[in-house]
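*Asks:* The following block contains the structure, expressed as structure tokens.
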Amino acid sequence: MSLSKQHELHKRRQGRNTGVGLVLAAFVVIILGLTYVKITQGGLQMQPERGVSDGG
Amino acid sequence: MSDASLHSDAYENEAQFGDYFALLKPRVMTLVVFTAFVGLLAAPVAVHPFVGFCAVLFIAVGGGASGALNMWYDSDIDAVMKRTARRPIPAGKVTRDEALAIGLTLSTFAVVFLGLATNWVAAGLLAFTIFFYVVIYTMWLKRLTPQNIVIGGAAGAFPPMIGWAAATGDISTASVLMFCLTFLWTPPHFWALALFVRMDYDNATVPMLTVTHGRRATRRHILVYTVLLAAFAIGLAFTQVGGPIYLVTALVLNALFLKGAVQIARRDEDTAEADSYKAERSFFKLSLLYLFAHFGAILVDAGLDRAGVWG
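Each protein sequence line maps, in turn, to chains D and A. Residues in the first sequence are numbered from -11 upward in steps of one, following the working numbering. Residues in the second sequence are numbered from 169 upward in steps of one, following the working numbering.
See below:
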């Protein structure tokens, strides 16, 4: 038995909520994919570590 | 009416996910996706497939967002026209404020993420496209001039240019000519439809060329734009994106399109009514094939070029 009673509103808005959930999941996948591609393709330029000769 | 029935009516009209999606004008989005994809692949710079996919997705989302903003602003005229009366706002499914919020949020999202995924030239072009469609076309000129179709066509013509910029980071002769292809194609395509389909733009007080200048002038306008279109379409064959397949496609289709436009210009209303607008209908059908075949040919030539077929 569930702890809280399912409200009628939840049932009515299930389709809408599922849609929003899928869009958000797709957004996460896209950010993850873009980050991976940018890093592996060398698209992101990291600051070079400052060496001893730089006085750092 | 009881409270219960009042509530059940309200629930029945409650927006579903599909209603919010309909705000993005999915049909228009298919043309945006296709032409942006061609612009991206025809560019001489290779893009990682996932970045390319994201670029086309963000361009489509930006196009969809401008559709939502158009529905927000035009909800008054959408409600009085039969073709648009079932859109989410006039149908009472989505409120104007919701459409505005979705339009602004998705516009910002699409521009920022296109910039981060590709470059800021492409993002700037996408931002300009949204501004042009929403402010210049929808808010300012649509209800003011019968040349509204020409201006609206310009907004729909940017995607291949944005796709190209996403790959190269610049604007070139080839990408400008791809823009011109859709830009000059839209007026003859739409005016041919306006000749044989009675539209209720009058009720919405939107000036249409067929009404403000008459059907005779519309026929002449179709011919003028078709001649201009042919020059630009064939010119595109001699740029970076042109190839043998595109040249043959452009020569054949522009000859047929010009023939159709001359036929339309020579006809009067009595002749057209006598054969149920046969020439106008076949010109409209040809216009659908025309745009698809031109961009398709660019895609084929780009594929053959990458495969090294032309040496």
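Using N, Cα and C, we set each Cβ at its ideal position, and we do this for glycine too.
Could you tell me whether the Cβ of Ile27/D comes closer than 8 Å to any Cβ of chain A?
*Replies:* As a position in the first sequence, residue 27/D is number 39, starting the count at 1. By this cut-off, Ile27/D is not an interface position.
*Asks:* How many Å lie between Phe300/A and Phe326/A at the Cα?
*Replies:* Residue numbering aside, residue 300/A sits at position 132 when the second sequence is read from its first letter. Residue numbering aside, residue 326/A sits at position 158 when the second sequence is read from its first letter. Roughly 10 Å between the two C-alpha positions.
*Asks:* Could you work out which residues of chain D lie near Glu182/A, taking near to mean beta carbons separated by less than 9 Å?
*Replies:* Looking up residue 182/A in the second sequence gives position 14. The contacting residues are Arg0, Arg1 and Arg4.
*Asks:* Under 8 Å between C-beta atoms, does Phe185/A make it to chain D?
*Replies:* Translated into the one-based positions of the second sequence, residue 185/A becomes position 17. Taking Cβ atoms only, chain D reaches closer than 8 Å to Phe185/A, which makes this a yes.
*Asks:* On the DSSP letters alone, give me the boundaries of the alpha helix (DSSP H) that Trp308/A sits inside.
*Replies:* As a position in the second sequence, residue 308/A is number 140, starting the count at 1. Looking at the DSSP string, Trp308/A is not in any alpha helix (DSSP H), and its letter there is neither H nor E.
*Asks:* Which residue marks the beginning of the alpha helix (DSSP H) containing Asp473/A, and which one marks its end?
*Replies:* Sequence index remark: in the second sequence, residue 473/A carries index 305 (1-based). Its alpha helix (DSSP H) spans residues Lys446 to Arg474.
*Asks:* Pick from Lys453/A, Ala461/A and Val224/A: whose alpha carbon is nearest that of Trp332/A?
*Replies:* Here the question's residue 332/A lines up with position 164 in the second sequence. Taking only the C-alpha atoms, the option nearest Trp332/A is Val224/A.
*Asks:* Closer than 8 Å, CB to CB, is Leu22/D near chain A or not?
*Replies:* The residue labelled residue 22/D in the question sits at position 34 within the first sequence. It does: the Cβ of Leu22/D has a partner Cβ on chain A nearer than 8 Å.
*Asks:* Looking only at its chain, what residues have a beta carbon closer than 6 Å to the beta carbon of Gly220/A, apart from the 5 residues adjacent to it on each side?
*Replies:* The residue given as residue 220/A occupies position 52 in the second sequence. The residues are Leu208.
*Asks:* Quick check: the Cα distance between Asp436/A and Ala470/A, rounded to an integer number of angstroms?
*Replies:* In the second sequence, residue 436/A corresponds to position 268, counting from 1. In the second sequence, residue 470/A corresponds to position 302, counting from 1. Answer to the nearest angstrom: the Cα atoms are 43 Å apart.
*Asks:* Cutting at 7 Å between CB atoms, please list the residues of its own chain near Met169/A, excluding the five before and the five after it.
*Replies:* In the second sequence, the residue the question calls residue 169/A occupies position 1. Unreliable placement is indicated for Met169/A, whose pLDDT of 49 sits below 50; the coordinate value is still reported in the next sentence. Cβ neighbours of Met169/A beyond the five flanking positions: none.
*Asks:* Buried or exposed: which applies to Glu(-4)/D, given that a residue is buried once 16 or more other Cβ atoms fall within 10 Å of its Cβ?
*Replies:* Indexing the first sequence from 1 puts residue -4/D at position 8. Exposed, because fewer than 16 other Cβ atoms sit within 10 Å of the Cβ of Glu(-4)/D.
*Asks:* Taking Cβ positions only, does Gly9/D come closer than 8 Å to chain A?
*Replies:* Working through the first sequence from its first residue, we reach residue 9/D at position 21. Not an interface residue.
*Asks:* Can you pull the chain D residues whose beta carbon is under 7 Å from the beta carbon of Cys222/A, in chain order?
*Replies:* Locating residue 222/A in the second sequence gives position 54, counting from the first residue. Within 7 Å Cβ-Cβ: Ile18 and Leu22.
*Asks:* I want to know whether the stretch 199 to 217 of chain A touches the stretch 246 to 260 of chain A - three or more CB-CB distances under 8 Å.
*Replies:* Contact fails: fewer than three Cβ-Cβ distances are below 8 Å.
*Asks:* Is Gln431/A closer than 8 Å to Ala405/A when the C-beta atoms are compared?
*Replies:* Residue mapping note: residue 405/A aligns to position 237 of the second sequence, counting from 1. Residue mapping note: residue 431/A aligns to position 263 of the second sequence, counting from 1. Against a cut-off of 8 Å, the Cβ pair of Gln431/A and Ala405/A comes out as no contact.
*Asks:* Given this structure, state the Cα-to-Cα distance separating Arg4/D from Phe185/A, to the nearest angstrom.
*Replies:* Taking the first sequence and counting its residues from 1, one reaches residue 4/D at position 16. Taking the second sequence and counting its residues from 1, one reaches residue 185/A at position 17. Approximately 5 Å between the Cα atoms of the pair.
*Asks:* Put Glu182/A into one of helix, strand or coil per three-state DSSP.
*Replies:* Position 14 of the second sequence holds residue 182/A. Three-state result, Glu182/A: coil.
*Asks:* Candidates Leu459/A, Gly260/A, Ile466/A and Ala385/A: which alpha carbon is nearest Leu415/A's?
*Replies:* Here residue 415/A corresponds to residue number 247 of the second sequence, with the count starting at 1. Of the candidates Leu459/A, Gly260/A, Ile466/A and Ala385/A, the one whose C-alpha sits nearest the C-alpha of Leu415/A is Ile466/A.
*Asks:* Within this structure, are the beta carbons of Leu237/A and Val302/A separated by less than 8 Å?
*Replies:* Taking the second sequence and counting its residues from 1, the one referred to as residue 237/A is at position 69. Taking the second sequence and counting its residues from 1, the one referred to as residue 302/A is at position 134. Against a cut-off of 8 Å, the Cβ pair of Val302/A and Leu237/A comes out as a contact.
*Asks:* Could you list which residues in chain D have their beta carbon closer than 8 Å to that of Phe205/A, in chain order?
*Replies:* Start at 1 with the first residue of the second sequence, and residue 205/A comes out as number 37. Within chain D, no residue comes near Phe205/A; the closest Cβ sits about 17 Å away, beyond 8 Å.
*Asks:* Using 8 Å for Cβ pairs, my map puts Thr336/A next to Val213/A. What's the rounded Cβ distance?
*Replies:* The residue you call residue 336/A lines up with position 168 of the second sequence. The residue you call residue 213/A lines up with position 45 of the second sequence. Contact flag correct, Cβ pair sits at about 5 Å.
*Asks:* Within 8 Å of any Cβ in chain D, is that where the Cβ of Val219/A sits?
*Replies:* Here residue 219/A refers to the residue found at position 51 of the second sequence. Cβ-Cβ to chain D under 8 Å: yes for Val219/A.
*Asks:* By the 9 Å beta-carbon criterion, what residues does the stretch 327 to 356 of chain A contribute toward chain D?
*Replies:* Under the 9 Å Cβ criterion, the stretch 327 to 356 of chain A contributes no residue.
*Asks:* Hey, out of Ala342/A, Leu284/A and Leu454/A, whose CA is closest to Ala360/A's CA?
*Replies:* In the second sequence, counting from the first residue as 1, residue 360/A sits at position 192. Per the Cα distances, Leu454/A.
*Asks:* Tell me the rounded alpha-carbon separation between Pro217/A and Phe358/A.
*Replies:* Taking the second sequence and counting its residues from 1, the one referred to as residue 217/A is at position 49. Taking the second sequence and counting its residues from 1, the one referred to as residue 358/A is at position 190. Taking the straight line from one Cα to the other gives about 35 Å.
*Asks:* Taking 8 Å as the cut-off, decide whether the C-beta atoms of Ile319/A and Ala233/A are in contact.
*Replies:* The sequence position of residue 319/A within the second sequence is 151, counting from 1. The sequence position of residue 233/A within the second sequence is 65, counting from 1. Not closer than 8 Å, so no.
*Asks:* Would you please verify whether the beta carbon of Ala285/A is less than 8 Å from any beta carbon of chain D?
*Replies:* On the second sequence, residue 285/A is found 117 positions in, with the first residue counted as 1. Yes, because at least one Cβ of chain D sits closer than 8 Å to the Cβ of Ala285/A.
*Asks:* Just curious, the alpha helix (DSSP H) that Ala278/A is in, first and last residue?
*Replies:* Taking the second sequence and counting its residues from 1, one reaches residue 278/A at position 110. It spans Arg264 to Ala285 - the alpha helix (DSSP H) in which Ala278/A sits, taken as one unbroken run.
*Asks:* Among Ala210/A, Thr276/A, Asp187/A and Leu424/A, which has the Cα closest to the Cα of Leu457/A?
*Replies:* Mapped onto the second sequence, residue 457/A falls at position 289. The option with the nearest alpha carbon to Leu457/A is Leu424/A.
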